[in-house]
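A.B. asks:
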Amino acid sequence: MERAVGDAARKCDLAVAAQFNETPGCWAWRGEVPYPAASTIKLAILVALFRAVDAGQADLAERVTLKTEAKVPGTGVLHGMSSGLELSFADLTYLMIAISDNTASNLLLDRLGFPAIGATIAALGLRQTALNRSFLGRAPRGDEPENFTSARDLVTLLSAIAEGTAASAASCTRMREILALQQHRDRIARDLPDGVVFGGKSGTLPGLCHDTGLIQGPSGTLALAVLTRNHRDADPYAMDARIGRIAAAACKAVGLGTE
């Protein structure tokens, strides 16, 4: 794994963290360095939503009407859908995670509120993570705030989902099922061994290429986060392959795959 990480680190500013099963601590390369989070921060919204469901403060069957003023550009499909469309919170959650829909993410954020997301981040012990703005489909401009996270924080969050402690056991099971519906599979998931299931959340903005998720196999679960910025490859897709090689090497290091 160190070789794959070293190769990638020569081509970008890289941060990696990994934890296998419930082993204490985690392996990390610049794991506590804050990075602009891009869409990986949507994982905090996911956990906050299910904690609210557990507390009786939200319901996945609750419905919201899509309004023209709520539509934002960038990833997703709702910005191109008809105003007046009704969607459940379950629908919005799927769209937020599976295709990183910015409009769906903002609708959930509006319902939950920034304080609830901040409380979830604090409860999980995430030290470099902050949700400071909604999703606009672009990087911040001027004095606009940024959202931040670190590779170690993302692994901490994902490990809590894997271990059933991020929310109730039933909610954590449902979150793992939602993560497994991820449609962007050209980074961590691209070169994984047979016999594993991947679920996660990527993040992309100009100059940023992130991926994070849970890799589940017969021998256990690996939580992995790879954050990159300041790329030095001429090929804009080269970093996807580098992230894939890191993930494959991490699986090999812990013996994760078909037995």
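In the numbering used here, the protein residues as written are -12 to 246. Even glycine gets a Cβ: it sits at the ideal position worked out from N, Cα and C.
#1: Please identify the residue among S87, G105, E164 and G61 whose C-alpha is closest to the C-alpha of L124.
#2: Quick one, which of G67, G71, V59 and T107 has its alpha-carbon nearest N93's?
#3: Starting from I202 and walking both ways along the alpha helix (DSSP H), at which residues does that stretch end?
#4: Under 7 Å between the Cβ atoms of I237 and M(-12)?
#5: If you run the structure through DSSP and keep just helix, strand and coil, what is K188?
#6: Pick out whichever of A91, R17, S146 and G71 has its Cα sitting closest to the Cα of G249.
#7: Distance, Cα to Cα, K239 vs A57?
#8: Grouping DSSP H, G and I as helix and E and B as strand, with all else coil, what is S87?
#9: Name the DSSP beta bridge partners of R216, please?
#10: At which residues does the alpha helix (DSSP H) containing V241 begin and terminate?
#11: Looking at the unbroken alpha helix (DSSP H) that takes in E164, where does it start and where does it end?
#12: Which partner residues of V51 appear in the DSSP bridge assignment?
#13: Thinking just about the alpha-carbon of each residue, which of L211, M226 and K29 is nearest to the one in H218?
#14: Could you name the residues of the same chain whose beta carbon sits closer than 8 Å to that of A(-4), not counting the 5 residues immediately before and after it, in chain order?
#15: Which partner residues of G207 appear in the DSSP bridge assignment?
#16: Thinking just about the alpha-carbon of each residue, which of G112, R216, L201 and V213 is nearest to the one in N8?
#17: In whole angstroms, what is the alpha-carbon distance linking S70 and T152?
#18: In three-state DSSP terms, what is I122?
#19: Using alpha carbons as the reference points, say which of A103, G63, R(-10) and P21 lies closest to L33.
#20: Can you list, in chain order, the residues of its chain whose CB lies under 7 Å from that of A25, leaving out five sequence neighbours each side?
C.D. replies: With the given structure in hand:
#1: The residue given as residue 124 occupies position 137 in the sequence shown. The question names Leu, but residue 124 in the sequence shown is Gly. The shortest C-alpha separation from G124 is found at G61.
#2: As a first step, residue 93 is located in the sequence shown; it is residue number 106 there, counting from the start. Comparing alpha-carbon positions, the option among G67, G71, V59 and T107 lying closest to N93 turns out to be V59.
#3: Here residue 202 refers to the residue found at position 215 of the sequence shown. First-last for I202: L195 to G204, but that is the beta strand (DSSP E), not the alpha helix (DSSP H).
#4: Translated into the one-based positions of the sequence shown, residue 237 becomes position 250. Translated into the one-based positions of the sequence shown, residue -12 becomes position 1. The sequence given here has Ala at residue 237, not Ile. In contact: A237 and M(-12) (Cβ atoms closer than 7 Å).
#5: Counting from 1 along the sequence shown, the entry for residue 188 is found at position 201. Strand at K188.
#6: Within the shown structure, residues of the chain are numbered from -12 to 246, placing residue 249 beyond reach of any answer.
#7: By one-based count along the sequence shown, residue 239 stands at place 252. By one-based count along the sequence shown, residue 57 stands at place 70. One C-alpha to the other measures close to 44 Å.
#8: Indexing the sequence shown from 1 puts residue 87 at position 100. In the structure shown, S87 sits in coil (DSSP, three-state: anything other than H, G, I, E or B).
#9: The residue labelled residue 216 in the question sits at position 229 within the sequence shown. The bridge partners DSSP lists for R216 are D0 and L195.
#10: Along the sequence shown, read from residue 1 onward, the residue named residue 241 stands at position 254. Here the alpha helix (DSSP H) through V241 covers A225 to V241.
#11: One-based indexing of the sequence shown puts residue 164 at position 177. Start and end: A156 to L166.
#12: Counting from 1 along the sequence shown, the entry for residue 51 is found at position 64. L74, per the DSSP bridge assignment.
#13: Taking the sequence shown and counting its residues from 1, the one referred to as residue 218 is at position 231. Out of L211, M226 and K29, M226 has the C-alpha closest to the C-alpha of H218.
#14: For the purposes of this step, residue -4 is taken as residue 9 along the sequence shown, with counting starting at 1. Excluding residues within five positions, the ones whose Cβ falls inside 8 Å are W16.
#15: Sequence index remark: in the sequence shown, residue 207 carries index 220 (1-based). Answer is G204.
#16: For this step, residue 8 is matched to residue 21 along the sequence shown. For the residues G112, R216, L201 and V213, the minimum Cα distance to N8 belongs to L201.
#17: Counting from 1 along the sequence shown, the entry for residue 70 is found at position 83. Counting from 1 along the sequence shown, the entry for residue 152 is found at position 165. So the alpha carbons of these two residues sit roughly 38 Å apart.
#18: Translated into positions along the sequence shown, residue 122 becomes position 135. The amino acid at residue 122 is misidentified as Ile; the sequence shows Phe. Of the three classes helix, strand and coil, the one that applies to F122 here is coil, per DSSP.
#19: The count along the sequence shown starts at 1 and reaches residue 33 at position 46. It is A103 whose Cα lies nearest to the Cα of L33.
#20: For the purposes of this step, residue 25 is taken as residue 38 along the sequence shown, with counting starting at 1. Answer for A25: G190, T191, L192, L195 and H197, listed in chain order.
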